[in-house]
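Have a look at the structure below, then the notes.
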Amino acid sequence: THIIALMFDMNRLWEEFVYQRFKSMESSLGIQVHKQNVVDFWSSETENKTVRPDLIIRYKGRSIVIDTKWKCPVDDSPADDDLKQMLVYKLYFHADHACLLYPEISRSYGWDGHFNNQVHHTVNLKGVNALKANLDTSCGMAFLNLAGPSGLLTEDEFREEMLLLLKLLL
Numbered sequence: 057t058h059i060i061a062l063m064f065d066m067n068r069l070w071e072e073f074v075y076q077r078f079k080s081m082e083s084s085l086g087i088q089v090h091k092q093n094v095v096d097f098w099s100s101e102t103e104n105k106t107v108r109p110d111l112i113i114r115y116k117g118r119s120i121v122i123d124t125k126w127k128c129p130v131d132d133s134p135a136d137d138d139l140k141q142m143l144v145y146k147l148y149f150h151a152d153h154a155c156l157l158y159p160e161i162s163r164s165y166g167w168d169g170h171f172n173n174q175v176h177h178t179v180n181l182k183g184v185n186a187l188k189a190n191l192d193t194s195c196g197m198a199f200l201n202l203a204g205p206s207g208l209l210t211e212d213e214f215r216e217e218m219l220l221l222l223k224l225l226l
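Quick note on numbering: the sequence shown equals residues 57 to 226 in my numbering.
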């Protein structure tokens, strides 16, 4: 017998799913959704490195940079590398808030943490301020519910979960 194996990049599928859901509800939620904006991060004579967050959402005059993660964080605690990635996104995209977004199958929830700001001083290099002394250091984790007792959430149920998520983040 022959067996066909299908392999999917679940990180990309989760990212695209979240993007499409937010995008389809832009007007009803009062948000603007942008996918994978790119900025230069590092350059040399031979190459450039860029940073590219999964999503940037604008809501009520504030911006949230979101990185979707298809994994279960150990003890609901973010990985160090994920937090470092979020700090870079937050700085380079001047976001009001940063969030790591994970899938969940029981209820949506989240909490806020922050980057310790004592190392972020305003430094004047050749007349250019590198970082603000009053840098908003918030970075949260959120878990977005996908299913209810009868299966996947309906569009209306999902909209309510997304609204809850936005309120948690801002």
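Cβ coordinates follow ideal geometry from the N, Cα and C atoms, glycine included.
Residue i, DSSP secondary structure in three states
| i | result |
| --- | --- |
| residue 123 | strand |
| residue 33 | There is simply no residue 33 to check, as the chain begins at 57 and stops at 226 in what is shown. |
| residue 176 | Any reading at residue 176 must be qualified, since the residue scores a pLDDT of 49, below 50, and its modelled position is unreliable; the value itself is stated next. Three-state DSSP puts residue 176 in coil, outside helix and strand. |
| residue 88 | strand |
| residue 199 | strand |
| residue 218 | helix |
| residue 146 | helix |
| residue 118 | strand |
| residue 76 | helix |
| residue 69 | helix |
| residue 208 | strand |
| residue 152 | coil |
| residue 137 | helix |
| residue 132 | helix |
Among the options, nearest to residue i - alpha-carbon criterion
| i | options | result |
| --- | --- | --- |
| residue 126 | 90, 71, 216 and 163 | 71 |
| residue 66 | 171, 128 and 203 | 128 |
| residue 192 | 107, 144 and 62 | 144 |
| residue 172 | 162, 203 and 140 | 140 |
| residue 119 | 89, 76 and 165 | 89 |
| residue 94 | 83, 85, 106 and 86 | 106 |
| residue 76 | 60, 124 and 163 | 124 |
| residue 207 | 194, 218 and 160 | 160 |
| residue 170 | 162, 203, 134 and 221 | 134 |
| residue 226 | 203, 96 and 194 | 194 |
Those residues which DSSP pairs with residue i across a bridge
| i | result |
| --- | --- |
| residue 158 | 199 |
| residue 95 | 107 |
| residue 113 | 89 and 120 |
| residue 192 | None, per the DSSP bridge assignment. |
Subject >> contact_flag[the region 190–202, the region 146–159] where n(CB pairs < 8 Å) is 3 or more >> reply: Output reads yes: the region 146–159 touches the region 190–202.
**OP:** Determine, using beta-carbon pairs with one atom in the region 110–126 and one in the region 135–154, whether at least three such pairs fall under 8 Å.
**Re:** Segments in contact, yes.
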